[in-house]
Each structure stands twice: as C-alpha cells, then as structure tokens.
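Written out below as structure tokens is the structure these notes cover.
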Amino acid sequence: MLPTPNLSHLTREDFALVYEPAEDSFILLDALEQDAELIRTCDPTITLEIGSGSGCVSAFIGQIIGARSVYICTDINADAARCTMTTGQVNKVALNPVITSLVEGLSPRLLGNVDLLVFNPPYVPTYEEEAARAQSDRTISGAWAGGAHGMSVTQELLRITPSLLSKEGYFYLVALRENNPTAIAHQAQSELGLACHVVLERRAGIEHLFVLRFSHLNHAVYNPGSQP
C-alpha cells in the first residue's frame with residue numbers, strides 16, 4: 009500500500025484557502041493505486057491533474073509512475089498552485105503548477121499527448137450563478153460549487169477530453185450519484201467516443217462517491233472495471 013503524501017507543511021490557514029483532502033480525495037487515491045499496473049502500461053510521459061488543490065493527488069501519482077512523467081497541475085486558485093508546488097517539493101515529486109482554468113492556454117501543446125488525466129471536480133449541485141461566481145472569484149469555493157446537477161465544470165472538461173487524451177491514455181473522474189454516472193457513461197460513448205468504467209464506488213456519510221475511468225473506445229489494452 010502506497011502512503012498518503014506528506015502534507016504536514018500545510019497549515020490550517022492554507023486549508024482555509026485550499027481544499028483539504030477528504031473522502032473524495034481518498035477514494036481517488038485508492039482507485040489510482042488499484043489501477044497502478046494498468047496506468048503503468050501506457051507508460052505515462054505527460055500527467056495532467058485539473059484542480060490540483062493541495063497537490064496531494066499528483067504527489068501520489070508520482071509514487072506510482074516515478075520521474076519519467078512530466079506532472080502538470082492546473083488550478084484557478086493561486087494559493088492552490090503555491091501549495092501544490094511545496095507539496096511536490098516535500099514529497100520529492102517535480103510538480104508543475106499552472107494557474108489557469110482547466111487547460112486554458114495549454115491545450116495546443118497538450119492535444120493528443122495526455123497519458124493520464126485526473127479530475128476531482130466541483131461536483132456539489134448548486135445554482136449556476138453560484139458556480140459561475142465561484143470560478144470567476146478563483147477561491148476555495150471553486151473546488152466544490154458544481155452548478156446544475158454538479159456537472160457544469162465537469163461537462164466543460166468532458167467535451168475536450170477526447171482531444172486531450174493520447175491514444176492509450178486514461179482519464180479518472182470523481183463523481184457523486186447526483187451527477188448521474190450512468191448518464192455520464194452514455195454521453196461518453198455516444199457523443200465522445202470514450203469507454204467509461206466504474207473503478208470504485210463508496211458511501212461517505214451522505215455522499216455516494218464514484219471514480220470513473222475513461223479511455224478511447226478503440227483502446228486495445230485490457231480495460232477492467234464495471235459499467236455504471
């Protein structure tokens with residue numbers, strides 16, 4: 009079992025500004041560890057985490073893949089970029105934080121080159137106005153306010169995922185039951201040309217969490233997991 013990355017350098021003040029890893033973060037870590045061998049089969053050279061927050065997830069991925077990958081970590085929150093950088097340094101993983109929304113400004117270089125894409129999105133259903141304000145304010149509220157059905161930001165990324173992923177790349181997404189994983193899987197196959205599998209699901213208090221894994225439909229590598 010891989011250890012959770014060391015976050016002892018982050019203070020209570022930091023976590024007032026940046027999302028503190030919680031059950032949704034930990035199910036994502038567990039899913040990535042469970043799929044470690046599958047991830048290594050695509051020999052990732054570019055790893056991209058959207059919404060890196062504390063940097064915990066990317067630092068964990070660094071334990072799975074090692075130094076052969078370039079780790080790009082985007083976030084709209086400047087404090088998240090700062091925390092991600094220090095988390096990488098403390099855990100000896102060379103993380104490269106970029107302050108941007110999703111992949112804005114980076115997509116021309118990343119198209120078709122992302123071997124591992126990871127997103128623990130703002131998935132809490134809210135009014136669209138609240139989600140839009142959270143994104144424009146670029147503060148910690150952008151880590152949870154998800155708009156209608158908690159899917160506003162997720163849908164933005166899903167639309168560009170097929171063009172971002174390399175031929176053998178994988179995309180891991182955290183979702184709530186309220187986000188309707190079955191509908192996400194149907195959209196992925198019928199509209200985006202992506203296969204979607206449930207890697208893990210778990211109840212955490214009132215939340216029912218899922219980790220979904222996407223890959224190109226024509227990806228020939230064995231792709232275990234259940235259908236939503």
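Using this note's numbering, you'd call the opening residue of the sequence shown number 9 and step up by one each time.
A virtual CB, placed ideally from N, CA and C, is assigned to each residue, including glycine.
If you're wondering where the values come from, they're calculated on a predicted model, not measured in any experiment.
Unbroken alpha helix (DSSP H) run spanning residue i, endpoints
i      : result
Ala67  : Cys64 to Ile73
Gly96  : Ala86 to Val98
Leu37  : Glu31 to Gln42
Arg117 : Ser115 to Leu118
Proximity winner among the options, relative to residue i (alpha-carbon distances)
i      : options                           : result
Glu31  : Arg210, Ser223, Gly59 and Leu225  : Arg210
Phe179 : Asn14, Leu217, Ile54 and Asp22    : Ile54
Asn128 : Ala39, Thr12 and Gly96            : Ala39
Asn7   : Arg117, Glu215 and Met93          : No answer is possible for residue 7: it lies beyond the span of the chain, which begins at 9 and ends at 236.
Thr3   : Ser160, Arg76, Leu202 and Gln71   : The chain is shown from 9 up to 236; residue 3 falls before or after that span and cannot be answered.
Glu164 : His194, Glu28, Leu110 and Ser174  : Leu110
Leu172 : Ile35, Pro189, Glu45 and Ser223   : Ser223
His216 : Glu186, Ile80, Pro29 and Val126   : Glu186
Met159 : Leu181, Leu114, Gly177 and Ser174 : Leu181
Pro236 : Pro11, Leu225, Glu21 and Thr190   : Thr190
Ala196 : Gly177, Gln42 and Leu166          : Leu166
Thr19  : Thr12, Pro11 and Glu28            : Glu28
Val126 : Ile47, Glu112 and Leu225          : Ile47
His17  : Glu45, Cys50, Gly96 and Thr49     : Gly96
Ile214 : Ala193, Leu184, Arg117 and Asp43  : Leu184
6 angstroms Cβ shell around residue i - same chain, five flanking residues per side excluded
i      : result
Thr82  : Ile58, Val106 and Thr108
Leu37  : Phe68
Leu119 : Ser171
Phe23  : none
Val101 : Ala67 and Gly70
Val161 : Pro129 and Pro130
Leu200 : Pro170
Leu10  : Glu41 and Gln71
Asn99  : Pro13, Asn14 and Ala67
Leu56  : Ile80, Val122 and Leu125
Tyr230 : Low local confidence applies: a pLDDT of 49 at Tyr230 is under 50, so the model's placement there is unreliable, with the coordinate-based value given in what follows. Closer than 6 angstroms at Cβ, skipping near neighbours: no residue.
DSSP-derived helix/strand/coil call for residue i
i      : result
Pro105 : strand
His194 : helix
Ser16  : coil
Glu112 : coil
Asp123 : strand
Leu10  : coil
Pro130 : coil
Ser60  : coil
Asn187 : helix
Gln235 : coil
Residue i - containing beta strand (DSSP E), residue span
i      : result
Glu176 : Leu173 to Leu184
Arg221 : Glu215 to His224
Thr82  : Val78 to Asp83
Cys245 : Because residue 245 is not part of the residues shown, which for the chain are 9 to 236, the question remains open.
For residue i: DSSP bridge partner residues
i     : result
Tyr27 : Answer is none; Tyr27 lacks a bridge partner.
Leu46 : According to DSSP, Leu46 bridges with nothing at all.
Thr55 : Tyr79 and Leu124
Beta-carbon proximity list for residue i, same chain, < 7 angstroms, skipping 5 on both sides
i      : result
Pro52  : Ile73, Ser77, Asp123 and Leu124
Val26  : Gly61, Ser62, Asn85, Asp87, Ala88, Cys91 and Ile148
Thr33  : Correcting the residue type first, residue 33 is Ser in the shown sequence and not Thr. Closer than 7 angstroms at the Cβ level, and outside the excluded window around Ser33, lie Cys64, Val65 and Asn128.
Asn121 : Ile54 and Ser174
Glu112 : none
Closer than 6 angstroms: residue i CB and nearest the ligand SAM heavy atom
i     : result
Thr82 : Looking for the ligand SAM in the displayed structure turns up nothing, as the structure carries no ligands at all.
CB contact check: residue i to chain C, cutoff 7 angstroms
i     : result
Gln97 : The displayed structure is made up of one protein chain only, and chain C is not part of it.
Sequence-distant residues of its chain with Cβ nearer than 8 angstroms to residue i (five each side left out)
i      : result
Leu114 : Ile80, Thr82, Val106 and Thr108
Ala228 : With a pLDDT of 47 at Ala228, under the threshold of 50, the modelled position of that residue is not reliable, and the figure given next carries that caveat. If we look at Ala228 and ignore the five residues flanking it on each side, it has no Cβ neighbours.
Leu225 : Gln197, Gly201, Leu202 and Ala203
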